[in-house]
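Trainee: First residue of the sequence shown: 580, per this note's numbering; consecutive thereafter. My questions all concern the structure below.
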Amino acid sequence: MAAANHYELLEVPSEASSQELRQAFRSLSKRYHPDTTDLPEAEAREAFRRLQQAYLTLSDPERRRSYDATLRAPLPLRPLRTAPKPVPVRRALSGGEWFALLLLAVAVAFSLVLGVGLAWSRGAEFLKPPSWLEAGGQTDGSSPLLVDVGSAVASDPAVQPPAAGS
Numbered sequence: 580m581a582a583a584n585h586y587e588l589l590e591v592p593s594e595a596s597s598q599e600l601r602q603a604f605r606s607l608s609k610r611y612h613p614d615t616t617d618l619p620e621a622e623a624r625e626a627f628r629r630l631q632q633a634y635l636t637l638s639d640p641e642r643r644r645s646y647d648a649t650l651r652a653p654l655p656l657r658p659l660r661t662a663p664k665p666v667p668v669r670r671a672l673s674g675g676e677w678f679a680l681l682l683l684a685v686a687v688a689f690s691l692v693l694g695v696g697l698a699w700s701r702g703a704e705f706l707k708p709p710s711w712l713e714a715g716g717q718t719d720g721s722s723p724l725l726v727d728v729g730s731a732v733a734s735d736p737a738v739q740p741p742a743a744g745s
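Structure, rendered in structure tokens:
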């Protein structure tokens, strides 16, 4: 007996006359009255109470006009809500995460010490100038960055200008 409004509950159209409302109420009250129905008593009482409420509302012309106005009124529009944006929260590192960071730091430090120790034991030169700087031919101890470009170009056959007659 679920109905959206009083008219559906009484099974009459919204233009029904007071006589039609009365007849519908009488026939439905016989069906749902707690003394004459096969429904459980609590369900029958609730159904009959709703029938009485619907009939009392629609049988009074003033109440009916007010009820009809509420049926025709549009539902108030709710403002659209957007889901709140999640706020980034920095949580504390757990014990396992701290342990993993510690292991990582120990592994990096061990690798660095091992690499430097092996290089030292083999007698490797730590501060060796790059090979491209040594190729300039500076053997006098002067700064390798101060190279005479003119003499380097004059001695290189690939950079010689073409002959004027050819």
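Glycine is no exception: its CB is placed at the ideal position from the N, C-alpha and C atoms.
Tell me the rounded alpha-carbon separation between residue 666 and residue 659.
Mentor: In the sequence shown, residue 666 corresponds to position 87, counting from 1. In the sequence shown, residue 659 corresponds to position 80, counting from 1. If you take the alpha carbons of residue 666 and residue 659, they lie about 21 Å apart.
Trainee: Just to confirm before moving on: does the CB-CB distance between residue 600 and residue 646 stay below 8 Å?
Mentor: For this step, residue 600 is matched to residue 21 along the sequence shown. For this step, residue 646 is matched to residue 67 along the sequence shown. Cβ distance not < 8 Å, so residue 600 and residue 646 don't count as in contact.
Trainee: Quick check on residue 630: does DSSP put it in helix, strand or coil?
Mentor: As a working note, residue 630 is residue 51 in the sequence shown. Note: residue 630 maps to helix in three-state DSSP.
Trainee: Determine the extent of the alpha helix (DSSP H) in which residue 707 is found, giving its start and end residues.
Mentor: By one-based count along the sequence shown, residue 707 stands at place 128. Looking at the DSSP string, residue 707 is not in any alpha helix (DSSP H), and its letter there is neither H nor E.
Trainee: Compute the beta-carbon to beta-carbon distance between residue 643 and residue 636, rounded to the nearest angstrom, for a pair I have assumed lies under 8 Å.
Mentor: By one-based count along the sequence shown, residue 643 stands at place 64. By one-based count along the sequence shown, residue 636 stands at place 57. Correct: roughly 7 Å between the Cβ atoms.
Trainee: Counting only runs that start and end within the segment 584–652, where is the alpha helix (DSSP H) found for 4 or more residues in a row?
Mentor: 585–589, 597–611, 620–638, 640–651
Trainee: Take residue 640 as the anchor and find which of 597, 707, 592 has the nearest alpha-carbon.
Mentor: Here residue 640 refers to the residue found at position 61 of the sequence shown. For residue 640, the nearest C-alpha among the options comes from 597.
Trainee: Would you tell me roughly how many angstroms separate the C-alpha atoms of residue 656 and residue 638, rounded to the nearest one?
Mentor: Residue mapping note: residue 656 aligns to position 77 of the sequence shown, counting from 1. Residue mapping note: residue 638 aligns to position 59 of the sequence shown, counting from 1. Each residue's Cα considered, the two are about 31 Å apart.
Trainee: Looking at the unbroken alpha helix (DSSP H) that takes in residue 685, where does it start and where does it end?
Mentor: Counting from one through the sequence shown, the residue named residue 685 turns up at place 106. Residue 685 -> alpha helix (DSSP H) spans 674–700.
Trainee: Please list, in chain order, all residues of the same chain as residue 615 whose beta carbon is under 8 Å from its beta carbon, the five residues on each side excluded.
Mentor: As a first step, residue 615 is located in the sequence shown; it is residue number 36 there, counting from the start. 609, listed in sequence order.
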